[in-house]
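S.K.: Here UniProt numbering is used: position 119 in the sequence shown is 119, and no number is missing along the way.
Right, I'll just put the structure down here and ask away after.
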Amino acid sequence: LANLNSDLQVRLTSDKIASAMDLAQLSVDQERAVKNAATVANMDMTKFTMEQQVELANSRWMQTAEVANMNSRQQAGMQDATAQAALDIANVDQRTKLSIRNAQAFLGMNMSNLNREQQVGILDTQLLQQRMLSDQSATNAGRQFNAASENQMEQFMTNMAANMNQFNASQNNSMEQFNANQTNMRAAGEAGREADRKKFNAQLVTGVDQFNTQITFQRDNWNASNAQAVEQSNTQWRRQSNTINTAAQNKI
Numbered sequence: 001l002a003n004l005n006s007d008l009q010v011r012l013t014s015d016k017i018a019s020a021m022d023l024a025q026l027s028v029d030q031e032r033a034v035k036n037a038a039t040v041a042n043m044d045m046t047k048f049t050m051e052q053q054v055e056l057a058n059s060r061w062m063q064t065a066e067v068a069n070m071n072s073r074q075q076a077g078m079q080d081a082t083a084q085a086a087l088d089i090a091n092v093d094q095r096t097k098l099s100i101r102n103a104q105a106f107l108g109m110n111m112s113n114l115n116r117e118q119q120v121g122i123l124d125t126q127l128l129q130q131r132m133l134s135d136q137s138a139t140n141a142g143r144q145f146n147a148a149s150e151n152q153m154e155q156f157m158t159n160m161a162a163n164m165n166q167f168n169a170s171q172n173n174s175m176e177q178f179n180a181n182q183t184n185m186r187a188a189g190e191a192g193r194e195a196d197r198k199k200f201n202a203q204l205v206t207g208v209d210q211f212n213t214q215i216t217f218q219r220d221n222w223n224a225s226n227a228q229a230v231e232q233s234n235t236q237w238r239r240q241s242n243t244i245n246t247a248a249q250n251k252i
């Protein structure tokens, strides 16, 4: 009975999404995404707007991932990713465009032939990237680097997003190569597949470490390359402040 009720809920959700997309019914892949979200990941679909549910159904990540029983943090991350992906990129600021492109790239990832541990690792990387591209992160970066202007913060965020894109592209290439190897090696037996999976796991961990190192290097490099401009701005601010104080003293 519980399974029948679950299947009914998936069908009703799929029908609503299809209606919102002006379709008679969802494709097989889209229905799989809805079912994975509702019954495998146990995501609370009532917390997703219809626009977010459409993004979820179209998501290659959700169509191919098998992450079971997502916790609240992971579900919130999926909500954020689908919300970002659903935004009109033509009518947002530059910082939001970075988040939109990042979310769309994540939702388009193919998780076929990756085990659940690998899929969770990629999801966790995305959650980290979302936080780093958030408005709060930009504000914190501005304070940390004593950014003298909005343009300097935008420059930092743009450079960081470019590093993320480079990392994600490299990760996608590794996954595609892994998927191809998996297809070619299926006939080789379980031992061969397991060895290949372990090799890919090691590559993925190395990639994450390299990404973190790149981000740290970028921050240090940004700070060094902009130190003179920041100091000049601070000097100018102090001079202006002293001028104002002197003028105020003269009026007394």
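Glycine residues also receive a C-beta, built at the ideal position from the N, C-alpha and C atoms.
1. Between Q30, Q177 and S72, which lies nearest to K47 when the distance is taken from Cα to Cα?
2. Does the beta-carbon of N173 have 16 or more other beta-carbons within 10 angstroms, so that it is buried, or is it exposed?
3. Using the Cα positions of A161 and N5, report the straight-line distance between them to the nearest angstrom.
4. For the alpha helix (DSSP H) holding L77, just list the boundary residues, first then last.
5. For R95, does the count of other Cβ atoms within 10 angstroms reach 16, so buried, or fall short, so exposed?
6. Please name the residue, chosen from A180, D93, E31 and R101, that lies closest to Q84 on a Cα-to-Cα basis.
7. Taking a contact to mean a Cβ-Cβ separation below 8 Å, would you say A65 touches N36 in this structure?
8. May I ask you to report which of helix, strand or coil DSSP gives Q25?
9. At which residues does the alpha helix (DSSP H) containing M132 begin and terminate?
10. From the DSSP output, in three-state form, read off V230 for me.
11. So, for T158: in the same chain, excluding its five sequence neighbours on each side, which residues have a beta-carbon less than 8 Å away from its beta-carbon?
12. At the level of alpha carbons, what is the spacing between Q166 and A105?
13. Measure how close the beta-carbons of Q130 and A169 come, nearest whole angstrom, since I'm counting them as under 8 Å.
14. Considering only C-alpha positions, which residue in the set Q119, N115 and N113 is nearest to L107?
15. According to DSSP, is D7 helix, strand or coil?
16. Please report the distance separating the alpha-carbon of K251 from that of Q152.
17. Mind reading off the beta-carbon distance from T13 to M45? Whole number of angstroms is fine, and I expect it under 8 Å.
18. Rounded to the nearest angstrom, what separates V54 and Q155 at their Cα positions?
19. Starting from N110, follow the alpha helix (DSSP H) in both directions and report where the run begins and ends.
20. Contact defined as beta carbons within less than 8 Å: I believe L127 pairs with G77. What is the distance between those atoms, to the nearest angstrom?
M.R.: Taking the definition as stated:
1. S72
2. exposed
3. 43 Å
4. At residue 77 the sequence reads Gly, which differs from the Leu that was named. Its alpha helix (DSSP H) spans residues S72 to A85.
5. buried
6. R101
7. yes
8. coil
9. R116 to M132
10. Low per-residue confidence applies at V230: pLDDT is 49, beneath 50, and the placement is therefore not dependable enough to give any value.
11. Q94 and L98
12. 12 Å
13. That pair is no contact at about 18 Å.
14. Q119
15. helix
16. Confidence at K251 is low in this model, with a pLDDT of 47, below 50, so the placement of that residue is unreliable and no value is reported for it.
17. 6 Å
18. 32 Å
19. Taken as a continuous stretch (DSSP letters only), N110 belongs to no alpha helix (DSSP H), as it is neither H nor E.
20. 4 Å
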